[in-house]
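Novice:
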Amino acid sequence: MKLTELTLTQLRDGLRQGSITSVEATQAMLARIVDVDNDIRSYLTITDEMALEQAASADARRAQGEDTPLLGVPIAVKDIIATQGVPTTAGSKILDGFIPPYDAFVVDQLKAAGAVILGKTNTDEFAMGSSTENSAFVTTSNPWDTERVPGGSSGGSAAAVAARLAFAALGTDTGGSVRQPASFCGVVGLRPTYGRMSRWGVVAFASSLDQVGPFGRTVADCTALFQATAGYDRRDSTSLDVPVPDFEAVLTGDIRGLRVGVPKEYFISGIEPEVEAAVRAAIAQMEQLGAEIVEISLPHTRYALPVYYLIAPAEASANLARYDGIRYGPRVDGENMIESVKRTRSLFGPEVKRRIMLGTYALSTGYYDEYYGRALKVRTLIKQDFVEAFKQVDIIATPTSPTTAFKIGDRADDPLGMYLADIFTLSLNLSAGCGLSLPCGFDSQGLPIGLQLIGDTLQEAKILNAAHAYEQSTAWHQQLPLTGAS
Amino acid sequence: MTEYEAVIGLEIHAELMTASKMFCGCRVVDSVTAPPNTATCPVCLGMPGMLPVINKRAVELAIRVGLALNCTIQRHNIFARKNYFYPDLPKSYQISQYELPLALDGHLDIELASGETKRIDIRRVHLEEDTGKLTHLDKDSQFPQGGTLVDYNRSGVPLLEIVSEPNIRSGEEARAYAVKIRQILRYLEVNSGDMEKGVFRVEPNISLRPAGTETFGTRTELKNLNSFRALADGTAYELVRQAEILDAGGQVVQETRGWNESKRLTFSQRSKEEAEDYRYFPEPDLPPLEITDEWVESVKLTLPELPDTKRARYMADFELSAYDASVLVEERAVANWFEHTLAVSDVDPAPSPKSIANWMINDLFRLMNEHKQGVADIKFEPAAFVQLIGLVENNTVNNNTAKDVLTEMYQSGRPAAEIIQAKGLAQISDETAIFEIISQVIRENPDTVAAYLSGKDKLRGWFVGQVMKATKGKANPEIVNRRLAEQLDQLK
């Protein structure tokens with residue numbers, strides 16, 4: 401088997417046993433990136449020199465008898481997560497060339513765990529999008545069909561993991577930006593509970609919704625990266641000061657007696673029949689494994705999309721107002737300061753401008769109560785739906801997205817159509833729960849279908865174990881896209 | 009002509025004297041003297057992905073102020089983003105408080121010139137962060153293009169906003185209220201009160217309405233007031249200006265006006281149409297700040313005795329006049345110094361608090377004023393001051409000599425007894441010695457004696473002067489007066 405086809409856990413075993421070195425694994429990945437990423441375009445920046453140094457250092461540390469959770473494991477990081485000394489663009493021209501003087505908390509965690517950082521992956525501009533088409537630099541291709549999108553906004557990370565261009569990767573999920581691309585690319589992606597991962601150093605889109613999440617080819621891989629990066633950080637006042645359980649130890653594969661809720665509101669018209677069939681089959685499979693299936697209701701589901709598209713743009717309109725070219729980032733000169741700031745802001749792409757305007761409007765005097773204020777109230781109702789649901793069930797199973805990957809350009813001029821790609825993932829971000837997507841089949845065109853499992857606050861262990869149990873009873877995760885096969 | 013009633017509310021911004029900034033670990037430095045941009049970090053520069061963490065100490069100081077201003081401290085606090093663009097505001101929003109501020113519904117009693125007391129209601133006190141500072145350059149040789157420099161040292165410094173209800177009725181009342189707020193903040197050791205450096209800023213909202221009516225007129229907001237005098241004068245000017253507009257049948261324009269100190273007038277800075285919509289919304293980066301009863305109680309224990317209470321106590325316990333008591337409590341450091349003198353126990357007989365107060369107000373303050381110094385600059389301890397007064401009261405030195413000794417103490421810091429000994433200034437209270445000197449003065453001035461005896465009683469003072477001159481002022485005046493009367497009377 402090729403080095404690059406190993407899962408993260410297989411690689412880690414090899415590194416521990418001494419059968420593989422980190423430098424070998426890193427070189428293999430870097431070589432594959434050179435070979436293949438012209439077709440996929442998952443990376444915006446490749447940090448090859450730094451990666452090889454980190455790999456050599458990992459090997460040296462291991463030779464000294466050291467072992468840390470990800471020692472020597474090559475990982476990719478979404479370009480919205482700050483990396484000290486390495487460009488961090490958030491997929492935007494307005495941060496083109498910006499090199500942060502700090503690492504994000506999760507990057508600190510990666511370094512402390514001994515990981516090797518291969519580079520920075522593509523994203524929709526400021527994570528606003530579901531296809532990477534809103535990236536100011538490139539559109540990433542889906543490794544299963546390069547004419548299709550990988551999903552977004554963490555499409556670069558999802559595609560890199562699917563195409564074996566990284567053993568795992570970090571993304572961020574504000575409305576589904578980890579789960580939806582995981583679904584489109586046939587990998588596992590976790591959106592942890594809000595506050596489980598510090599947002600320190602993550603370029604803000606919508607502060608009350610943003611959360612970092614890991615991608616892996618398997619549930620175990622995803623869990624390993626989650627384990628290494630989760631944790632409390634006093635620099636983020638919204639991060640939760642709670643212990644991080646040993647998630648890798650809870651992957652027993654035993655889900656007998658687990659109550660799985662199936663919300664009727666998630667099987668609506670508009671969902672592709674093949675997607676619905678695959679998800680229903682996956683739920684049946686979980687029942688086979690001993691889970692108890694319970695039909696439930698999340699009655700306010702249909703409000704999630706409008707609520708999300710008021711709250712997220714409102715927060716974004718404030719978060720993005722700082723990009724004026726005065727302190728950092730590119731500056732477009734004008735006759736005077738105000739003119740210069742206006743011209744600099746023209747570097748924002750159309751979707752970002754659209755959301756800034758939406759959010760500014762929703763917060764304006766005279767409209768606040770009607771829009772933003774009301775959205776906050778409905779958000780409480782959506783949260784309450786989940787609180788009620790988790791009184792009856794342990795986890796909830798739904799499709800991740802109503803469709804499989806769509807063609808590049810198909811929805812580029814249809815913002816509403818694009819927003820619908822996240823219709824099943826948004827509710828979770830508005831609540832206090834956690835969720836993941838894992839492969840549960842392919843449609844007739846060979847495109848991956850994702851199963852979403854949702855857990856209660858801080859109950860990542862339950863959804864990870866349920867996902868692991870299902871995955872171990874199927875072979876979906878063993879199918880690889882043919883990327884780079886000659 | 010219509011008689012108007014002035015309706016004035018004050019917004020006061022006061023930086024809090026914490027060691028670090030409101031939402032990051034940067035030091036709080038003197039924004040006038042510190043080299044620009046030397047106390048900044050990615051958080052207070054608003055760099056991508058940086059997050060705020062509330063400075064607990066700032067909250068504590070704010071609670072202190074809320075309590076001192078008789079406010080209710082809100083247990084559930086929400087921070088909010090106030091959105092507006094300006095190059096000195098790195099995030100393009102200021103983290104402030106909007107709907108649920110820290111303290112509500114307080115009041116403060118001020119003394120009017122008439123001697124009456126007036127209660128000014130305080131609407132709210134809330135916490136926020138200060139902005140950076142802009143410097144607009146002249147097009148000189150160093151910067152031929154001109155331009156604007158920005159210094160972010162002040163960005164993120166904890167800032168308290170104290171908002172009064174509009175029940176202030178004149179420039180003088182506005183001034184009295186602001187002076188008293190400043191005094192309290194200094195007592196609480198939360199703010200230096202330096203208006204020149206802008207750490208204490210006062211902005212009045214001013215409008216007029218026909219006397220006896222209840223609805224508010226259109227208001228203007230006054231800025232750039234760098235002194236209490238500017239506050240009183242600017243407000244007074246604005247009241248006259250508005251009255252003239254109304255009398256002429258015109259309408260006051262709602263706007264922000266600046267005070268031009270040299271021209272002594274207000275000018276339009278920004279109209280309502282240009283005013284920003286701040287689009288306040290709850291700050292998602294900060295969870296609600298919950299203030300427990302225990303926290304409030306523990307802060308209450310740290311509150312010092314406030315000036316009004318202190319003043320009443322001085323008047324009741326030490327029989328000080330209202331004026332003297334006010335002077336002593338004006339600054340906490342002065343009151344502390346005074347109270348230290350009261351604790352001195354090894355001087356016998358112990359001078360009365362009233363006597364010490366007189367010496368402080370009449371003599372010590374005069375020296376401090378002459379040297380433009382404060383109580384912290386005094387080179388001797390309160391105990392040394394009491395010892396000097398004790399030497400007067402036990403007749404070791406007379407009053408006039410003591411004043412000279414105090415001047416010397418003020419300059420050198422040496423103890424009174426040492427100065428008196430070194431210079432031979434001890435008072436002559438020896439009756440025999442004084443008898444001899446008086447006899448000598450009488451012998452040497454027969455003509456004056458004759459004049460006195462012929463009925464010119466006023467010459468008695470001249471004889472006292474001669475005796476004092478002969479003793480270089482050291483003679484005990486009480487003995488001199490008594491003996492002189494006796495000896496002159498004997499000649500009658």
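Heads up: the sequence lines are chains P and A, in that order. For what it's worth, this note's numbering labels the leading residue of the first sequence as 401, then goes sequentially. For what it's worth, this note's numbering labels the leading residue of the second sequence as 9, then goes sequentially. We treat Cβ as the ideally placed atom computed from N, Cα and C, and that holds for glycine.
Against chain P, does Leu-294 of chain A count as a neighbour if the rule is that its beta carbon must be under 9 Å from one of theirs?
Specialist: Here residue 294 of chain A is taken as the residue at index 286 of the second sequence, counted from 1. Yes, contact with chain P.
Novice: Do you know offhand how far Leu-430 of chain P's Cα is from Leu-640 of chain P's?
Specialist: As a first step, residue 430 of chain P must be located in the first sequence, where it is residue number 30. As a first step, residue 640 of chain P must be located in the first sequence, where it is residue number 240. Taking the straight line joining both Cα atoms gives about 36 Å.
Novice: With distance defined between alpha-carbon atoms, name the residue in A:Leu-168, A:Glu-119, A:Ile-446 nearest to Pro-109 of chain A.
Specialist: Along the second sequence, one-based indexing puts residue 109 of chain A at 101. If we check each option's Cα against that of Pro-109 of chain A, A:Leu-168 comes out closest.
Novice: What beta strand (DSSP E) runs, 3 residues minimum, are completely inside the stretch 129-190 of chain A?
Specialist: 141-145, 155-159, 166-172
Novice: Would Ile-517 of chain P pass as a contact of Val-477 of chain P if the rule is Cβ separation under 9 Å?
Specialist: The residue labelled residue 517 of chain P in the question sits at position 117 within the first sequence. The residue labelled residue 477 of chain P in the question sits at position 77 within the first sequence. Yes, the Cβ-Cβ distance between Ile-517 of chain P and Val-477 of chain P is below 9 Å.
Novice: So Ala-812 of chain P and Glu-533 of chain P are in contact, right, with Cβ under 8 Å, and what is the actual spacing, rounded?
Specialist: Translated into positions along the first sequence, residue 812 of chain P becomes position 412. Translated into positions along the first sequence, residue 533 of chain P becomes position 133. That pair is a contact at about 5 Å.
Novice: Going along the chain, which unbroken runs of the beta strand (DSSP E) with 3 or more residues stay wholly within the stretch 550-625 of chain P?
Specialist: 568-572, 588-591, 612-616
Novice: Let's test the definition: count the other Cβ atoms within 10 Å of the Cβ of Ile-450 of chain A and tell me whether it reaches 16, buried, or not, exposed.
Specialist: Start at 1 with the first residue of the second sequence, and residue 450 of chain A comes out as number 442. Classification for Ile-450 of chain A: buried.
Novice: Below 8 Å CB to CB, which residues in the same chain sit around Thr-226 of chain A once its five sequence neighbours on both sides are set aside?
Specialist: As a first step, residue 226 of chain A must be located in the second sequence, where it is residue number 218. Correct list, in chain order: Ser-215, Gln-259, Val-260, Val-261, Gln-262.
Novice: In this structure, does DSSP put Val-660 of chain P in helix, strand or coil?
Specialist: By 1-based counting over the first sequence, the position of residue 660 of chain P is 260. In this structure, Val-660 of chain P counts as strand in the three-state DSSP scheme.
Novice: Helix, strand or coil: how does DSSP classify Asp-508 of chain P here?
Specialist: By one-based count along the first sequence, residue 508 of chain P stands at place 108. The answer is helix: DSSP assigns Asp-508 of chain P an H, G or I state.
Novice: Quick one: what's got a C-beta closer than 6 Å to Ala-428 of chain P's C-beta in the same chain, skipping five residues either side?
Specialist: As a position in the first sequence, residue 428 of chain P is number 28, starting the count at 1. Only Leu-403, Thr-404 meet the Cβ criterion.
Novice: Return the chain-ordered list of same chain residues with a C-beta closer than 6 Å to the C-beta of Asn-438 of chain P, the five sequence neighbours on each side being excluded.
Specialist: Taking the first sequence and counting its residues from 1, the one referred to as residue 438 of chain P is at position 38. The answer is none, since no qualifying residue turns up.
Novice: Taking Cβ to Cβ, would you say Gly-555 of chain P is nearer than 9 Å to Thr-540 of chain P?
Specialist: In the first sequence, residue 555 of chain P corresponds to position 155, counting from 1. In the first sequence, residue 540 of chain P corresponds to position 140, counting from 1. Yes.
Novice: On the CB-based measure, 16 or more other CB atoms within 10 Å of its CB, does Ala-27 of chain A come out buried or exposed?
Specialist: Position 19 of the second sequence, counted from the start, is the residue given in the question as residue 27 of chain A. By the 10 Å Cβ count, Ala-27 of chain A comes out exposed.
Novice: Between the C-alpha atoms of Ile-891 of chain P and Ala-718 of chain P, what's the straight-line distance to the nearest angstrom?
Specialist: Any question about residue 891 of chain P goes unanswered here, given that chain P covers just 401 to 886.
Novice: In the structure shown, what three-state DSSP assignment does Ala-458 of chain P receive?
Specialist: Position 58 of the first sequence holds residue 458 of chain P. Helix, per DSSP.
Novice: In the DSSP output, which residue or residues are listed as bridge partners for Leu-477 of chain P?
Specialist: Working through the first sequence from its first residue, we reach residue 477 of chain P at position 77. The amino acid at residue 477 of chain P is misidentified as Leu; the sequence shows Val. Per DSSP, P:Lys-520, P:Leu-570.
Novice: Please list, in chain order, all residues of the same chain as Arg-287 of chain A whose beta carbon is under 7 Å from its beta carbon, the five residues on each side excluded.
Specialist: Counting from 1 along the second sequence, the entry for residue 287 of chain A is found at position 279. So the list reads Asn-91, once near-sequence residues are dropped.
Novice: Using CA coordinates, which residue listed in A:Thr-139, A:Thr-156, A:Gly-140, A:Lys-141 is at the minimum distance from Lys-147 of chain A?
Specialist: Taking the first residue of the second sequence as position 1, residue 147 of chain A is located at position 139. The candidate whose alpha carbon is nearest that of Lys-147 of chain A is A:Thr-156.
Novice: Does the stretch 808-828 of chain P come into contact with the stretch 572-584 of chain P, if we say contact requires no fewer than three beta-carbon pairs (one atom in each stretch) closer than 8 Å?
Specialist: yes
Novice: Use the C-beta contact count for Thr-798 of chain P: other C-beta atoms within 10 angstroms, 16 or more gives buried, fewer gives exposed.
Specialist: On the first sequence, residue 798 of chain P is found 398 positions in, with the first residue counted as 1. It counts as buried.
Novice: Is there a Cβ of chain P sitting closer than 9 Å to that of Pro-60 of chain A, yes or no?
Specialist: Translated into the one-based positions of the second sequence, residue 60 of chain A becomes position 52. Closer than 9 Å to some Cβ of chain P, the Cβ of Pro-60 of chain A qualifies, so yes.
Novice: Report the residues of the stretch 748-770 of chain P with a CB closer than 8 Å to any CB of chain A, ordered along the chain.
Specialist: Under the 8 Å Cβ criterion, the stretch 748-770 of chain P contributes Thr-760, Leu-763, Ser-764, Thr-765, Tyr-768.
Novice: Indicate whether Thr-421 of chain P and Ala-451 of chain P have their beta-carbon atoms separated by less than 9 Å.
Specialist: Here residue 421 of chain P is taken as the residue at index 21 of the first sequence, counted from 1. Here residue 451 of chain P is taken as the residue at index 51 of the first sequence, counted from 1. In this structure, Ala-451 of chain P does not lie closer than 9 Å to Thr-421 of chain P by Cβ.
Novice: Below 7 Å on C-beta distance, what does Pro-50 of chain A contact in chain P?
Specialist: On the second sequence, residue 50 of chain A is found 42 positions in, with the first residue counted as 1. Per Cβ cutoff of 7 Å: Pro-501, Tyr-502.
Novice: Suppose contacts are defined by Cβ-Cβ distances below 9 Å. Is Lys-126 of chain A in contact with Glu-68 of chain A by that definition?
Specialist: Along the second sequence, read from residue 1 onward, the residue named residue 126 of chain A stands at position 118. Along the second sequence, read from residue 1 onward, the residue named residue 68 of chain A stands at position 60. No, the Cβ-Cβ distance between Lys-126 of chain A and Glu-68 of chain A is not below 9 Å.
Novice: Kindly indicate if chain A contains any beta-carbon less than 9 Å away from that of Phe-498 of chain P.
Specialist: Counted from its first residue, the first sequence places residue 498 of chain P at position 98. Yes, Phe-498 of chain P counts as interfacial toward chain A.
Novice: For Val-413 of chain A and Val-355 of chain A, what's the separation of their Cα atoms in angstroms?
Specialist: Reading the second sequence from its first residue, position 405 is the one you call residue 413 of chain A. Reading the second sequence from its first residue, position 347 is the one you call residue 355 of chain A. C-alpha separation (whole angstroms): 17 Å.
Novice: Which residues of chain A have a Cβ atom closer than 9 Å to the Cβ of Ile-726 of chain P, listed in chain order?
Specialist: As a position in the first sequence, residue 726 of chain P is number 326, starting the count at 1. Here the neighbours are Pro-95, Pro-98, Val-158.
Novice: Which chain A residues sit within Cβ distance under 9 Å of Trp-600 of chain P?
Specialist: The residue labelled residue 600 of chain P in the question sits at position 200 within the first sequence. Those within 9 Å of Trp-600 of chain P in chain A are Gly-57, Met-58, Leu-59.
Novice: If we cut at 9 Å on Cβ distances, does Ala-630 of chain P have a partner in chain A?
Specialist: One-based indexing of the first sequence puts residue 630 of chain P at position 230. Taking 9 Å as the CB threshold, Ala-630 of chain P stays off the interface with chain A.
Novice: Give the single residue among A:Pro-56, A:Tyr-460, A:Phe-443 whose Cα lies nearest to the Cα of Pro-485 of chain A.
Specialist: Here residue 485 of chain A corresponds to residue number 477 of the second sequence, with the count starting at 1. Taking only the C-alpha atoms, the option nearest Pro-485 of chain A is A:Phe-443.
Novice: Decide if Met-686 of chain P is buried, meaning its Cβ has at least 16 other Cβ atoms within 10 Å, or exposed.
Specialist: Along the first sequence, one-based indexing puts residue 686 of chain P at 286. Under this definition Met-686 of chain P is a buried residue.
Novice: Starting from Gly-473 of chain A, trace the beta strand (DSSP E) in both directions and tell me its first and last residue.
Specialist: Counting from 1 along the second sequence, the entry for residue 473 of chain A is found at position 465. From DSSP, Gly-473 of chain A is part of no beta strand (DSSP E) but of the alpha helix (DSSP H) over 468-478.
Novice: Please tell me whether Val-650 of chain P and Asn-829 of chain P are closer than 9 Å, where the distance is taken between their beta carbons.
Specialist: Here residue 650 of chain P corresponds to residue number 250 of the first sequence, with the count starting at 1. Here residue 829 of chain P corresponds to residue number 429 of the first sequence, with the count starting at 1. No, Cβ-Cβ distance for Val-650 of chain P and Asn-829 of chain P is not below 9 Å.
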